[in-house]
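Shown next, in structure tokens, is the structure this report addresses.
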Amino acid sequence: MARFLKERNPTVRIVLADPHGSGLYSYVKTGEIQVRGSSIPEGIGSSRVTANLEGTPIDDALSIDDQTCVSMVYRLLREEGLFVGGSSGINVAAAVQLALEMGSGHRIVTLLCDRGSLYQARLFNPEWLKSKGLAAS
């Protein structure tokens, strides 16, 4: 589907959103997988190119740090009533960053791909966040 959209409309861009230290971020930027550090969001930040990703025409990548992810997750809960997990926080934070870079007059689509109830013991636990040097803001 992504190829079809790209071929039909050259203004469509595909931007990968991943946490700091992700191997996929470096893969998009440099062509090499380089894992540098770790991140708290679970289920995102792969260190390998999976079969369903291989050959996907990705135009750019954005790296989102843990505090930005956590802040976005809590902002989505507080302001929008959306109880999502870290992957969704990263996706929305990247969409906001991209919107600021692109300016008005563009459409940006992202996915809210996880629910917050899966992360109550960690992402929604103030003591755990504090132990990681993060704040629920």
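Going from the sequence shown to the working numbering is simple: count from 1 and add 2.
Just so it is clear, CB atoms sit at the ideal spot from N, CA and C, and this is done for glycine as well.
Predicted model only: the values in this text are computed from it and were never measured.
As for any alpha helix (DSSP H) of minimum length 4 sitting wholly inside the segment 12–73, the runs are 25–32, ordered along the chain. Between V94 and L78, the C-beta gap is smaller than 8 Å, which places the two residues in contact. The way I'd put it, the segment 56–72 does touch the segment 14–33; three or more beta-carbon pairs between them come closer than 8 Å.
Counting C-beta pairs with one atom in each stretch, the segment 118–137 and the segment 69–76 have three or more that are closer than 8 Å, which means they touch. Among the bridge pairs identified by DSSP, R117 is matched with V86. In this structure, DSSP gives N93 a helical state, which the three-state scheme calls helix.
About 11 Å separates the beta carbon of L131 from that of G88, a gap too long to meet the 8 Å contact definition.
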